[in-house]
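Numbering (full-length UniProt numbering), first residue to last: 1 to 86.
Here is the structure we will look at.
Here is the structure:
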């Protein structure tokens, strides 16, 4: 161990700082914080819904011909041979 002069003091080992636990000094801070989060969530929701509806409105429609299921197909060949006789 090194020799120190007689007027030198050895500092005591420092204790680790206490963990910071916030105390509720003003309960209104919590209410204002929650109100701010609610407003932010509502704003983001409205913005998303607006963007989604605008995108649907400006979507290019599908111009392909409609497909007819085979169960709905009608044979029109016999209609061409019919005559209107009284």
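Using N, Cα and C, we set each Cβ at its ideal position, and we do this for glycine too.
| Query | Result |
| --- | --- |
| Three-state secondary structure assigned by DSSP to residue 18 | coil |
| Backbone CA spacing between residue 23 and residue 51 [nearest angstrom] | 41 Å |
| Helix, strand or coil at residue 27 according to DSSP, with G and I counted as helix | helix |
| Simplified DSSP state of residue 52, which is helix, strand or coil | helix |
| Coil, strand or helix - residue 10 by DSSP | coil |
| For residue 67, the three-state DSSP class (helix, strand or coil) | coil |
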